[in-house]
Amino acid sequence: MNYLKGEKFELTFDHSTTLDHKPRVLILYGSLRDRSYSRLLAQESAKILEFMGAEVKIFNPYGLPLFDNDKSIDHPKVQELRELSLWSEAQVWSSPELHGNMSGVMKTQIDWIPLTLGAVRPTQGKTLAVMQVSGGSQSFNAVNNMRILGRWMRMITIPNQSSVAKAYQEFNEDESMKDSSFRDRVVDVMEELMRFTYLTRNHSKQLVDRYSERKA
Ligand SMILES: Cc1cc2nc3c(=O)[nH]c(=O)nc-3n(C[C@H](O)[C@H](O)[C@H](O)COP(=O)(O)O)c2cc1C
Numbered sequence: 003m004n005y006l007k008g009e010k011f012e013l014t015f016d017h018s019t020t021l022d023h024k025p026r027v028l029i030l031y032g033s034l035r036d037r038s039y040s041r042l043l044a045q046e047s048a049k050i051l052e053f054m055g056a057e058v059k060i061f062n063p064y065g066l067p068l069f070d071n072d073k074s075i076d077h078p079k080v081q082e083l084r085e086l087s088l089w090s091e092a093q094v095w096s097s098p099e100l101h102g103n104m105s106g107v108m109k110t111q112i113d114w115i116p117l118t119l120g121a122v123r124p125t126q127g128k129t130l131a132v133m134q135v136s137g138g139s140q141s142f143n144a145v146n147n148m149r150i151l152g153r154w155m156r157m158i159t160i161p162n163q164s165s166v167a168k169a170y171q172e173f174n175e176d177e178s179m180k181d182s183s184f185r186d187r188v189v190d191v192m193e194e195l196m197r198f199t200y201l202t203r204n205h206s207k208q209l210v211d212r213y214s215e216r217k218a
């Protein structure tokens, strides 16, 4: 089959926005420390998303084994993570920047989510927002690399993102985030994630349909 001779390009317009269920958002964070700012940023995002009408679940990475597709595949934490990814229609990834990159804890979680689980694709076509915290001045290494990871997982990564510099200055003792332009940006990002999730949810089948895969 040759595209130019055989198939014709098809596009389906659906102007409805399905509002029959709340956006289901899975939040992942990338640290195991007791007072982890990437976790606090994840919690703040959850509060904002719930206020906007989402149903939110946060995965606790404590106890997740190092990635090993041979031995640990039946581990309960791996199963929990995979089920949450299947359940979600949107995700937020909140990582610390460590050595100019996302943390190993963050990357391990994504490594444990397969592109395909039988006929199901646990991440494909889902919306994604990326965020990072840093100890130093504002930088974008972790969010940039998570964008690459989102592409690899075939997700719809939204344009806006959050990078919280000197994160140790930005949270209160009760773990809430201080009012600041950083927090305003988090609200912007969550609004955009909600909009992209509502606007693409009827279309994800069409958006991830590939000629090369139909052909195969
Ligand atoms: C090993 C290590 C490497 C780090 N590398 C960076 C870095 O490259 N850039 C930066 O701004 N902060 C860096 N930091 C600071 C962390 O980003 C900061 O402490 C952050 O809050 C850690 O995330 P957590 O609070 O969620 O554990 C590093 C910290 C550690 C322990």
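Numbered according to this note's numbering, the sequence shown spans residues 3 to 218.
C-beta atoms are modelled at their ideal positions from N, C-alpha and C, and glycine is treated no differently.
All values derive from a computational prediction rather than experimental measurement.
| Item | Value |
| --- | --- |
| Which residues DSSP lists as bridging Val145, in chain order | Looking at the DSSP assignment, Val145 forms no beta bridge with any residue, so it has no partner. |
| Helix, strand or coil at Ser183 according to DSSP, with G and I counted as helix | helix |
| Rounded straight-line distance, which links the Cα of Gln126 to that of Met155 | 6 Å |
| Delimiting residues of the beta strand (DSSP E) encompassing Trp95 | Ala92 to Leu100 |
| The region 50-57 touching the region 188-200, judged by at least three CB pairs closer than 8 Å | yes |
| Own chain, CB closer than 8 Å to Asn1, minus 5 neighbours either side, in chain order | Examination of residue 1 is not possible in this model, given that the chain is present from 3 through 218 alone. |
| Beta-bridge pairing of Asn103 - partner residues as DSSP gives them | Leu100 |
| Ala44, buried or exposed, once every other Cβ within 10 Å from all chains shown has been counted against 16 | buried |
| Identity of the residues DSSP links to Leu130 by a beta bridge | Gln93 and Thr159 |
| Beta-carbon contacts of Ala48 that lie in its chain and below 7 Å, excluding the five residues immediately before and after | Ile29, Val58 and Ile60 |
| Spatial neighbours of Leu88 in its chain, beta-carbon cut-off 7 Å, leaving aside the 5 residues before and after | Val122 and Pro124 |
| Ala169: CB within 6 Å of a non-hydrogen atom of ligand 1 | yes |
| Span of the alpha helix (DSSP H), counted from its first residue to its last, around Arg41 | Tyr39 to Phe53 |
| Given 8 Å, three or more beta-carbon pairs between the region 63-75 and the region 100-119 | yes |
| Ile60 - DSSP class collapsed to helix/strand/coil | strand |
| Inter-residue Cα distance where the pair is Gln208 and Met157 | 13 Å |
| In DSSP terms, what Ser164 is bridged to | Met133 |
| Alpha carbon of Asn62 to alpha carbon of Phe11, nearest angstrom | 43 Å |
| Any non-hydrogen atom of ligand 1 within 6 Å of Pro98 CB | yes |
| Check: Ser182 C-beta below 6 Å from any heavy atom of ligand 1 | no |
| Where the alpha helix (DSSP H) through Arg216 begins and ends | Tyr213 to Lys217 |
| Residues near Ser105 by beta carbon distance below 7 Å, same chain, minus five either side | Gly32, Ser33, Ser97 and Pro98 |
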